[in-house]
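Protein chains in written order, with my numbering: chain A, 11 to 470; chain B, 203 to 294.
Backbone N, C-alpha and C fix where the C-beta goes; we use that ideal spot for every residue, glycine too.
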């Protein structure tokens with residue numbers, strides 16, 4: 011039954027796309043994020059819906075869409091370079107079979123992010139992409155938030171639509187993405203045109219924000235808490251009454267404390283004492299290993315190079331026997347531990363060239379969003395007033411992603427790459443307005459000069 | 203149950219948004235950029251030799267037949283120029 015509903019929905023979008031092929035791009039975004047083929051289990055699971063949507067999005071743009079205003083930007087070039095470089099390292103990988111598996115989805119995510127800005131040539135398209143991305147993530151977040159409120163949660167206990175810990179259905183990743191999208195949710199309450207500002211939109215935004223904040227709590231993902239802290243710090247910049255904001259956030263935090271489960275406190279307590287938790291202490295060991303590894307292989311070891319690591323370290327192991335708890339320091343041997351950080355993931359897999367490309371891609375994005383924000387901050391015309399707040403929202407999203415990426419291997423997270431595509435599209439769009447306005451001003455000047463000359467001649 | 207509710211809400215909202223998107227023409231053509239382009243083109247025409255000559259003719263005519271009617275502005279002359287078949291072909 012569920013499968014039929016999904017298929018009907020996909021068919022509906024495919025049909026609408028016949029009028030405007032751009033909708034197929036949105037269909038791919040929806041399928042890539044929500045993965046309906048993995049939620050359903052009969053017909054839809056056997057159909058290559060993702061491939062169909064990818065082909066429709068790409069083919070529709072190539073054959074049917076207007077390409078006016080499509081420009082190739084520096085950041086797309088960086089992604090293309092990263093894609094080609096990753097292709098090369100996959101061919102020389104330490105673990106060819108595992109590397110090929112990861113390459114299978116990474117190339118699609120990167121290629122889509124490279125092509126995406128070409129399709130986002132108008133304000134409405136930029137908004138539509140942001141909206142579909144947001145609503146697709148919201149569908150997962152709403153379910154997670156409601157389950158947390160109604161039934162409690164727990165690390166690796168809370169059930170999503172898909173429970174294979176992949177893509178966005180990994181609890182820490184979902185927490186990072188959900189928190190990163192909060193600024194964009196509020197952008198829609200003021201500047202949305204598909205759903206115009208209305209009390210119902212604001213109410214939905216408030217509920218969705220609450221659900222987003224519940225994701226790190228429900229899933230007990232520690233990285234999520236750091237992301238919330240980062241969001242709080244970033245919001246200070248855009249708050250007029252800073253002291254009130256800090257006091258309000260503090261009060262809200264305190265009010266939330268009694269509602270948190272005991273297990274949450276226990277898990278969060280391990281942030282401060284990494285020695286007591288295997289997941290945290292292995293991170294430091296893996297990062298050390300990665301640095302040693304690239305010292306030998308500066309060009310990286312291809313995807314999943316971490317599988318070659320093996321290290322022993324001493325950590326406290328608790329043993330409970332009756333009423334006595336003994337803590338013994340034992341040597342633990344670990345093998346094939348994942349990077350647990352996008353920075354080290356890039357460094358280990360793609361070496362220094364890959365890490366530099368990746369850092370340049372995101373660093374340049376932060377800088378471009380800052381420039382757009384400053385350039386359009388004072389704009390008052392309805393057609394321009396939305397630009398600066400969107401740049402600010404995208405910048406905050408990117409910073410929160412980078413904070414989350416410090417402790418998770420999400421260097422090629424498709425949703426985040428889509429946000430990169432959105433940033434590029436906004437930047438290109440602003441450049442186009444700037445140059446159109448400059449051309450307009452020049453032509454108006456020439457015309458005014460001519461008019462005054464003619465006026466002078468007539469007067470003489 | 204919660205899953206069904208979340209899926210229905212998310213899909214319903216996306217479906218409405220996409221339907222509204224299909225019905226809007228500014229999806230494919232950006233109104234701000236188009237307006238700037240049209241205005242620039244308008245100014246260029248008015249400042250072009252053809253537009254200038256037309257404006258001069260209009261002003262000279264307006265001078266000679268003082269009181270017969272209002273003088274043409276350069277803009278109106280440019281519009282006349284554009285209405286000529288040759289000019290339209292050039293535009294295309």
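| 9 Å Cβ cut-off: residues of chain A touching residue 259 of chain B | Ordered by position in chain A, no residue passes the 9 Å Cβ test against residue 259 of chain B, which lies about 11 Å from the chain.
Note to self: I'd like to know if the stretch 373 to 386 of chain A and the stretch 334 to 348 of chain A are in contact, where contact means that at least 3 CB-CB pairs between them fall below 8 Å.
What the structure shows: no
key: Close Cβ partners of residue 148 of chain A (< 7 Å) along its chain, the five nearest in sequence each way excluded   = 218
Within 8 Å (strictly less), CB to CB, does residue 252 of chain B reach chain E?
Although the question refers to chain E, the structure presented lacks it and instead comprises the protein chains A and B.
For residue 155 of chain A, which residues from the same chain have a beta carbon less than 6 Å from its beta carbon, with the 5 sequence-adjacent residues on both sides left out? 221, 224
query = Any C-beta of chain B sitting closer than 8 Å to the C-beta of residue 157 of chain A?
reply = yes
task = Return the chain-ordered ranges of every alpha helix (DSSP H) run that is complete within the stretch 141 to 226 of chain A and spans a minimum of 4 residues.
result = 181 to 201
Between residue 213 of chain A and chain B, is the shortest Cβ-Cβ distance under 8 Å, so that the two count as touching?
no
(message) Less than 6 Å between C-beta atoms, sequence neighbours within five positions excluded: which residues of the same chain meet that for residue 126 of chain A?
(response) 431
Practice prompt. Whole angstroms is fine: what's the gap from residue 226 of chain B's alpha carbon to residue 130 of chain A's?
Written response: 15 Å
Would residue 39 of chain A be called buried (16 or more neighbouring beta carbons within 10 Å of its own) or exposed? buried
| Residues bridged to residue 325 of chain A [DSSP beta-bridge criterion] | A:340
Q) Exposed or buried, which one is residue 42 of chain A when buried takes at least 16 other CB atoms within 10 Å? A) buried
Return the CA-CA distance between residue 437 of chain A and residue 105 of chain A, expressed in angstroms with no decimal places.
38 Å
Mapping the DSSP letters down to three states, classify residue 268 of chain B as helix, strand or coil.
Note that residue 268 of chain B has pLDDT 42, beneath the 50 cutoff, so the model's placement of it is unreliable and the number below is only indicative. Coil at residue 268 of chain B, not helix or strand.
**Q.** Residue ranges of each alpha helix (DSSP H) within the stretch 355 to 443 of chain A, 4 or longer
**A.** 397 to 415
Over what stretch of residues does the alpha helix (DSSP H) that includes residue 112 of chain A continue unbroken?
106 to 129
**Prompt:** Per the contact definition of three or more C-beta pairs closer than 8 Å, is the stretch 398 to 407 of chain A in contact with the stretch 328 to 345 of chain A?
**Reply:** no
For this session: Identify, in the order they occur along the chain, each residue of the same chain with its Cβ nearer than 8 Å to the Cβ of residue 27 of chain A, setting aside the five sequence neighbours on each side.
Result: 33, 34, 37, 66, 70
*Per-residue contacts from residue 454 of chain A into chain B (C-beta, under 7 Å)*: 245
Consult DSSP for residue 448 of chain A and reduce its assignment to one of helix, strand or coil. helix
*In this structure, does DSSP put residue 3 of chain A in helix, strand or coil?*
Lying outside 11 to 470, the shown extent of chain A, residue 3 of chain A is not represented and no answer is given.
Exercise for the section: Name, going along the chain, the residues of the stretch 20 to 34 of chain A whose beta-carbon falls closer than 9 Å to a beta-carbon of chain B. Expected result: 22, 23, 26, 27, 29, 30, 32, 33
Notebook entry, point to check: Are three or more beta carbon pairs between the stretch 108 to 115 of chain A and the stretch 406 to 420 of chain A nearer than 8 Å?
Noted result: no
Through-space distance from residue 399 of chain A to residue 215 of chain A, alpha-carbon basis
16 Å
Problem - Cα-Cα separation between residue 392 of chain A and residue 383 of chain A, rounded to whole angstroms - result: 16 Å
Using beta carbons (cut-off 8 Å, strictly below), is residue 95 of chain A in contact with chain B? no
Task: Nearest to residue 369 of chain A (by Cα), restricted to the options A:19, A:92, A:145 - done: A:92
What's the gap between the Cα of residue 395 of chain A and the Cα of residue 99 of chain A?
-> 44 Å
So residue 354 of chain A and residue 113 of chain A are in contact, right, with Cβ under 8 Å, and what is the actual spacing, rounded? Actually they do not touch by this definition, with Cβ atoms about 19 Å apart.
- Residue burial classification, residue 194 of chain A (beta-carbon count within 10 angstroms, cutoff 16): buried
> Start and end of the alpha helix (DSSP H) containing residue 89 of chain A?
Replying inline: 84 to 101
Using a beta-carbon distance cut-off of less than 7 Å, what residues from the stretch 100 to 118 of chain A approach chain B? none
* Return the residue from the list A:11, A:307, A:444, A:300 that minimises the CA-CA distance to residue 321 of chain A. => A:300
Of the residues that make up the stretch 119 to 145 of chain A, which ones have a beta carbon closer than 8 Å to any beta carbon in chain B?
131, 132, 133, 134, 135, 138, 141, 142, 145
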